[in-house]
Amino acid sequence: MTAALVVDILLGLILVGLAAQVAIGKHLFRAIVFYVAFGLAMALIWARLGAPDLALADAAIGAGLTGALMMVAFRRLVEIDPKQSQAQPRATRGSALAVVIAVLAAAMVATIGLTALSLERQPGEAGLQVLATLPETGLRNPITGVLLAFRGFDTLIEMVVLLTAFVGSRVITTRTRLSVTTISGFELPLVRTLVAVILPLAVLIGMHLLWIGSDQPGGAFQAGSVLAGSGVLLLLTGTLLPASRSRALVRLALVAGVAALCLLVLAPLLQGDAPMAYLGRGSLLFAETAMMVSIAVTLTLLFAGSPSLQAGRS
Amino acid sequence: MTSTVFVLVAAAIFGLGVHGLLVSAHIMRKLLALNLMLSALFLLLIVVPATLDGRPDPVPQALVLTGIVIAVSTTAFALALMVRLFGKQGHATILPDIDASLLGRRHDSHDNRHNNRHNNRHDSRRNSRRSPETDGEQGP
Numbered sequence: 080m081t082a083a084l085v086v087d088i089l090l091g092l093i094l095v096g097l098a099a100q101v102a103i104g105k106h107l108f109r110a111i112v113f114y115v116a117f118g119l120a121m122a123l124i125w126a127r128l129g130a131p132d133l134a135l136a137d138a139a140i141g142a143g144l145t146g147a148l149m150m151v152a153f154r155r156l157v158e159i160d161p162k163q164s165q166a167q168p169r170a171t172r173g174s175a176l177a178v179v180i181a182v183l184a185a186a187m188v189a190t191i192g193l194t195a196l197s198l199e200r201q202p203g204e205a206g207l208q209v210l211a212t213l214p215e216t217g218l219r220n221p222i223t224g225v226l227l228a229f230r231g232f233d234t235l236i237e238m239v240v241l242l243t244a245f246v247g248s249r250v251i252t253t254r255t256r257l258s259v260t261t262i263s264g265f266e267l268p269l270v271r272t273l274v275a276v277i278l279p280l281a282v283l284i285g286m287h288l289l290w291i292g293s294d295q296p297g298g299a300f301q302a303g304s305v306l307a308g309s310g311v312l313l314l315l316t317g318t319l320l321p322a323s324r325s326r327a328l329v330r331l332a333l334v335a336g337v338a339a340l341c342l343l344v345l346a347p348l349l350q351g352d353a354p355m356a357y358l359g360r361g362s363l364l365f366a367e368t369a370m371m372v373s374i375a376v377t378l379t380l381l382f383a384g385s386p387s388l389q390a391g392r393s
Numbered sequence: 068m069t070s071t072v073f074v075l076v077a078a079a080i081f082g083l084g085v086h087g088l089l090v091s092a093h094i095m096r097k098l099l100a101l102n103l104m105l106s107a108l109f110l111l112l113i114v115v116p117a118t119l120d121g122r123p124d125p126v127p128q129a130l131v132l133t134g135i136v137i138a139v140s141t142t143a144f145a146l147a148l149m150v151r152l153f154g155k156q157g158h159a160t161i162l163p164d165i166d167a168s169l170l171g172r173r174h175d176s177h178d179n180r181h182n183n184r185h186n187n188r189h190d191s192r193r194n195s196r197r198s199p200e201t202d203g204e205q206g207p
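Chains as they are written, first to last, in my numbering: chain A, 80 to 393; chain B, 68 to 207.
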């Protein structure tokens, strides 16, 4: 048994243990915290598997922002009914049938996966073509290549889904809370210093991820979620506050990603090319910047639960 | 061997997710369970295809990256729905007997439901918004 295999098994056990805590742990809030830990363990496994792009995305979005959204939703439940926090829902009802179904589902996934592994695995045709065609695009990160140069329509629809989710959330949210999410003690010098140190670093990391995304692991999604993380931090410390009146600038930021990708679809038509034909690195960076802004603003606003933001105490 | 280990891990997480989805009453726990199942499928998508130049195939990687963003979008929307539901009915749970009662008596006023013994618990939940001493959130 090699050392690498031991590491794999340990990582796998950690992930399964954390997943068990999420799925069948008693307290809802505990389950949410364990879900964040699960996301981080998942990021470690992506790194182990040689997929640093996914590691970055899962650490920032899967663990960080999904966890933050879950926690703030839990907080809103507690605000509506304070009982919620004490009467920790004993969420699971024992059911032998559910155990049987779960075991069968796991067996099904294991069978599919192991059968696929036992076959002689051919390299994916699409993946080979991506790697072969990538030098023509001038990019060096094949994942950015797939996302924007080869399968740009997928990315366009993805941004539409994000925008739709935001609009949907706005439509069904009746009351916008304009404060309350701030942590207590944000006036402390320590907290303000922390923000003053972390925020520039986060912005720098976000910009760096965007800039190197064409050649190295990184890109608009990772950059946008890092920036959204700093937005969440600003909301928690009261530097930014939710606002009830939407502003033109915020709306522009929300649709920037979709608009930029639509331009990317339409622009080649002027030259007589096919829609979404590849236009070079400059156009790609333009689209990625717009996507980063959209992702950052949309996720921050989803956390704030408001249509807009305003400056708070500085 | 690495692939085999992580296929088994994905299967275990998927099973845990299915179990959580089936047995938990609280909507947020169902969402957590769904997210677990998603993670398991992402893992499977990356581990199973053959590697190219020693790294996972870029096409499924891009798919999973897209999937992660879509997952957070839909989760955020579902959470907003849940908060709205909670504000409206006083609990954020899905229980089998609720669905049964809604089927035949969708337009009934809340008061009529006191007669239905299946609904007594939910009435106490609904009332718990007004009378906080009632335990608002307890599984059967």
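From the three backbone atoms N, C-alpha and C, an ideal C-beta is built for every residue, glycine too.
CA-to-CA, the gap between Gly-310 (chain A) and Ala-129 (chain B) works out to about 26 Å.
Boundaries cannot be given for Gln-295 (chain A), as no beta strand (DSSP E) includes it and DSSP labels it neither H nor E.
Not one beta carbon of chain A lies nearer than 8 Å to the beta carbon of Gln-156 (chain B).
Considering only beta carbons, the part of the region 134–155 of chain A lying closer than 9 Å to chain B consists of Ala-136, Asp-137, Ile-140, Gly-141, Leu-144, Thr-145, Leu-148, Met-149, Val-151, Ala-152, Phe-153 and Arg-155, in chain order.
Per DSSP, the beta bridge partners of Gln-389 (chain A) are A:Leu-320. About 6 Å separates the CB atoms of Phe-300 (chain A) and Val-136 (chain B); that is less than 8 Å, so the two are in contact. Nearest to Pro-386 (chain A) by C-alpha distance, out of A:Ala-375, A:Leu-340, A:Arg-324 and A:Leu-218, is A:Arg-324. Ala-143 (chain B) sits close to Ala-244 (chain A), with the two beta carbons spaced by under 8 Å. Taking the beta carbon of Ile-161 (chain B) as reference, no residue of chain A falls within 7 Å; the closest one sits roughly 11 Å away. According to the DSSP secondary-structure assignment, His-287 (chain A) is paired through a beta bridge with no residue. Against chain A, the CB of Leu-119 (chain B) has a partner CB under 8 Å away; the residue lies at that interface.
In the displayed model, Thr-253 (chain A) falls within coil according to three-state DSSP, outside both helix and strand. Contacts with chain A at 8 Å (Cβ-Cβ) do not include Leu-112 (chain B). In the three-state scheme derived from DSSP, where H, G and I count as helix and E and B as strand, His-86 (chain B) is classed as helix. When C-alpha distances from Leu-388 (chain A) are compared across A:Gly-146, A:Leu-333 and A:Arg-127, the shortest belongs to A:Leu-333. Using a CB distance cut-off of 8 Å, Leu-83 (chain B) counts as an interface residue toward chain A. Nearest to Thr-223 (chain A) by alpha-carbon distance, out of B:Thr-141, B:Asp-124, B:Val-139 and B:Ala-138, is B:Asp-124. Going by beta carbons, Gly-298 (chain A) and Asp-132 (chain A) fall inside the 8 Å limit.
Among the residues of chain A, those whose CB is under 7 Å from the CB of Leu-103 (chain B) are Ala-98, Val-101 and Ala-102, following chain order. Cβ neighbours of Ala-120 (chain A) within its own chain (closer than 6 Å, five residues either side excluded): Ile-93, Leu-94 and Leu-97. In the three-state DSSP reduction, Thr-160 (chain B) falls in the strand class (E or B). If you check the CB distance, Glu-367 (chain A) and Leu-288 (chain A) do not come in under 8 Å. Cβ-Cβ distances below 6 Å link Leu-380 (chain A) to nothing in the same chain once the five nearest sequence neighbours on each side are left out. Around the beta-carbon of Pro-221 (chain A), 16 or more other beta-carbon atoms lie within 10 Å, marking it buried.
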